[in-house]
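Novice: After the structure tokens below, expect a handful of questions from me.
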Amino acid sequence: MTAPATHRSAEEIGRTTQGPRPLPPLGEQRAASEPLTVDTVLPNGLRVLAVHRPAVPMVELRLRIPFAGEESTHSARAELLSTTMLTGTQRRDRVRVDTDLARVGGELDAVVDPERLSIGGSALVDGMDVLFDVLADVLTGATYPDDEVRRERERLVERITVARSQPRVIAREALQRHRYGDHPFTREMPSAEDVARVTAEDVRELHARAVLPRGSAMVLVGDIDPQRAVDAVAAAFHGWNSDRSAVELPPLPEVPGGDLLLVHRPGAVQSQIRLSAPFVSRTDPAYPALQLANLVFGGYFSSRLVENIREDKGYTYSAHSYPEFTPGGATVLVDADTASEATAPALLETRYEIARMAVVPPSESEVDSARRYAVGGLLTSTASQAGLASMLMSLAGMGLGPEWLREHPGRLQRVTVDEVAEAALRLFTPSRWTGVLVGDADRLSAPLTALGGVRLP
């Protein structure tokens with residue numbers, strides 16, 4: 001005889017005999033105490049934003065250096081620069097860099113994309129000066145040893161070759177070309193051939209030319225005295241100077257709506273659906289309403305799109321709609337992977353949900369649920385020192401500061417259902433959308449031709 005269950009499942013807890021339990025009303029957002037903050041620009045042109053957040057005795061550091069380049073080989077050189085800049089300086093070899101950071105509980109890492117070189121790290125507060133000294137040493141004296149560049153070049157060529165065979169990478173590159181043509185923003189991953197030709201001297205030349213303080217921004221968050229931290233940065237980085245400014249990307253062309261492009265991937269058993277439309281930046285007055293409209297559409301698990309093509313139809317395991325902030329603007333992307341035989345039906349239902357957002361406005365309950373998610377997600381993501389530092393760095397790239405973050409929950413609270421409906425009509429007009437499909441054209445051409453609105457290879 002089976003013993004009775006001693007607990008209820010999550011599904012049982014969430015339901016009553018009358019149906020699902022209603023969500024509790026969104027409580028009044030209490031004003032957060034304003035943290036001690038210093039936001040200034042040093043004589044070398046580096047913006048420093050320091051915030052007191054005494055959760056743990058750590059300091060989080062984020063550095064953003066605009067790092068655009070027009071040359072076709074720029075991305076290859078930039079990628080090698082980011083992976084080898086911490087391998088030695090004029091004062092420290094690689095072991096010394098790692099050892100000095102380790103003894104203060106610290107770490108540093110660098111990544112690059114077409115828009116920026118980003119360096120992130122952390123350390124115990126007592127080791128903040130050591131963290132600054134190591135980073136300043138790297139920025140002003142990185143040597144890029146020949147052996148280190150050679151080894152990383154070989155590893156990078158292998159990683160790129162493998163990555164370029166992955167469906168998600170193929171879809172991303174196809175979408176970028178479809179939206180922006182040959183704009184430098186599309187060069188998110190260099191070719192293996194270009195990387196193989198990069199020398200250590202090429203990397204050193206790029207560092208000297210492009211790793212510049214003027215126009216760059218640094219964020220510090222932790223159990224720190226903000227003014228003392230800014231003074232320490234000014235002292236540590238006084239030798240990092242240039243009359244030139246770091247290079248920003250040129251404005252992106254507007255993404256026009258139109259037919260989707262089918263990208264042939266022979267023998268594929270799955271397809272990647274990637275749709276895109278213009279969005280607005282975080283500074284646009286319509287952003288809070290559009291943010292909620294997008295959440296209702298496909299921005300979280302309880303959205304219309306997920307309910308349709310995942311929960312109801314079972315066409316995909318994961319569907320998501322999210323904004324991507326770009327130089328001077330933003331776009332919204334829809335991302336779903338599905339089996340080849342379900343590609344046309346999934347695209348049909350996705351288009352249906354896009355149009356339904358425009359003609360069947362979000363209900364009050366949909367908006368309230370999205371509002372809870374947006375406010376809760378923002379507060380949760382910035383509750384830690386690391387999360388707050390990363391968010392502030394993202395905002396700094398748009399010229400914004402902590403005040404935007406403090407005020408945004410209130411903006412979301414004030415958005416009305418009618419404003420979200422207006423935003424949905426603005427964003428989800430089907431003619432504004434375009435995108436790509438990646439899959440086996442031999443299997444997909446006939447159903448997609450019948451569906452229409454897809455350009456075949």
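Sequential numbering of the sequence shown, starting at 1, is according to UniProt numbering.
All residues carry an ideal CB built from backbone N, CA and C; glycine is no exception.
Here the structure is a predicted model, which means the values were calculated and not measured.
#1: Give the secondary structure of Ala450 by DSSP, where H, G and I count as helix, E and B as strand, and everything else as coil.
#2: Buried or exposed for His238, going by 16 or more other Cβ atoms inside 10 Å?
#3: Decide if the stretch 172–190 is in contact with the stretch 279–299; the criterion is three or more beta carbon pairs, one per stretch, under 8 Å apart.
#4: Where does the unbroken alpha helix (DSSP H) through Phe132 begin, and where does it stop?
#5: Just to confirm, are Phe85 and Val48 a CB contact at a threshold of 7 Å?
#6: Beta carbon of Gly401, beta carbon of Asp39: below 7 Å?
#7: Assess contact between the stretch 165–173 and the stretch 54–73, defined as three or more Cβ pairs (one per stretch) separated by less than 8 Å. Is contact present?
#8: Please classify Pro226: does DSSP put it in a helix, a strand, or coil?
#9: What does DSSP give as the partner residue(s) for Asp61 in the beta ladder?
#10: For the beta strand (DSSP E) that Ala110 lies in, which residues bound it at each end?
#11: State buried or exposed for Glu79, treating a residue as buried only when at least 16 other CB atoms are found within 10 Å of its CB.
#12: Is the stretch 392–411 touching the stretch 252–267, taking contact as three or more C-beta pairs under 8 Å?
#13: Helix or strand or just coil, what does DSSP make of Pro278?
#14: Which residue's Cα is closest to the Cα of Arg214: His207, Asp243 and His183?
#15: Alpha carbon to alpha carbon, what distance is there between Tyr144 and Val203?
#16: Between Val211 and Leu46, what straight-line distance do the alpha-carbon atoms span, to the nearest angstrom?
#17: Taking the DSSP output, what are the residues bridged to Thr40?
#18: Are at least three pairs of beta-carbons, each pair with one atom in the stretch 243–259 and one in the stretch 66–76, less than 8 Å apart?
#19: Using the Cα positions of Ala32 and Pro362, report the straight-line distance between them to the nearest angstrom.
#20: What are the start and end residues of the beta strand (DSSP E) that includes Val420?
#21: Checking the sheet assignment: what are the DSSP bridge partners for Val436?
#22: Whose C-alpha, out of Arg96, Gly105 and Ser118, is nearest the C-alpha of Leu81?
#23: Any chance the stretch 362–371 sits against the stretch 317–336, with 3 or more Cβ pairs inside 8 Å?
#24: Thinking C-beta only, is Ala142 closer than 7 Å to Leu131?
#25: Counting along the chain, where does the alpha helix (DSSP H) carrying Tyr352 start and finish?
#26: Using beta-carbon positions only, say whether Arg77 and Val198 come within less than 7 Å of one another.
#27: Taking 7 Å as the cut-off, decide whether the C-beta atoms of Ala355 and Pro447 are in contact.
#28: Roughly how many whole angstroms lie between the Cα atoms of Ile273 and Tyr373?
#29: What would DSSP say about Leu444, mapped onto helix, strand or coil?
#30: If we count the other Cβ atoms within 10 Å of its Cβ and call it buried at 16 or more, is Tyr315 buried or exposed?
#31: With C-beta atoms as the reference, is Thr83 less than 7 Å away from Asp194?
#32: Which residues share a DSSP beta bridge with Ser321?
#33: Given a cut-off of 7 Å on the beta-carbon distance, is the pair Val125 and Gln385 in contact?
Specialist: Result, derived from the coordinates:
#1: Per DSSP, reduced to three states, the secondary structure at Ala450 is helical.
#2: That one is exposed.
#3: They do not touch, by the three-pair rule.
#4: From DSSP, the alpha helix (DSSP H) with Phe132 extends over Met128 to Gly141.
#5: For the record, residue 85 in the displayed sequence is Met; it is not Phe. Going by C-beta atoms, Met85 is not nearer than 7 Å to Val48.
#6: Here Gly401 is near Asp39, since their CB atoms are less than 7 Å apart.
#7: In short, these stretches do not touch, since the Cβ pair count stays below three.
#8: Pro226 falls in the helix class under three-state DSSP.
#9: Position check: residue 61 holds Leu in this sequence, whereas Asp was assumed. Note: Leu61 is bridge-paired with Gly121 and Leu220 in the DSSP secondary-structure output.
#10: For Ala110, the enclosing beta strand (DSSP E) starts and ends at Glu107 to Val112.
#11: With 16 or more other CB atoms across the displayed protein chains lying within 10 angstroms of its CB, Glu79 is buried.
#12: Contact fails: fewer than three Cβ-Cβ distances are below 8 Å.
#13: The DSSP-derived three-state label of Pro278 is strand.
#14: The candidate whose alpha carbon is nearest that of Arg214 is Asp243.
#15: Answer to the nearest angstrom: the Cα atoms are 7 Å apart.
#16: Cα to Cα, the separation comes out at about 12 Å.
#17: According to DSSP, Thr40 bridges with Val48.
#18: By the criterion of at least three beta-carbon pairs nearer than 8 Å, the stretch 243–259 is in contact with the stretch 66–76.
#19: Interpretation of Ala32 is limited by its pLDDT of 48, a score under 50 that renders its predicted location unreliable; no figure is taken from the coordinates.
#20: Counting along the chain, Val420 falls outside any beta strand (DSSP E), though it belongs to the alpha helix (DSSP H) covering Val417 to Leu427.
#21: Partner residues in the beta bridge of Val436, as assigned by DSSP, are Leu261 and Arg274.
#22: The candidate whose alpha carbon is nearest that of Leu81 is Ser118.
#23: With the cut-off at 8 Å, the stretch 362–371 and the stretch 317–336 do not touch.
#24: It is not a contact, given that the beta carbons lie outside the stated cut-off.
#25: From DSSP, the alpha helix (DSSP H) with Tyr352 extends over Thr343 to Val359.
#26: For Arg77 and Val198, yes; Cβs fall inside 7 Å.
#27: No, Cβ-Cβ distance for Ala355 and Pro447 is not below 7 Å.
#28: Those two C-alpha atoms are separated by around 25 Å.
#29: Here Leu444 sits in helix by DSSP.
#30: Residue burial annotation: Tyr315 is buried, with at least 16 other C-beta atoms found within 10 angstroms of its C-beta.
#31: Contact: no.
#32: Looking at the DSSP output, Ser321 shares a beta bridge with Val334.
#33: No, the Cβ-Cβ distance between Val125 and Gln385 is not below 7 Å.
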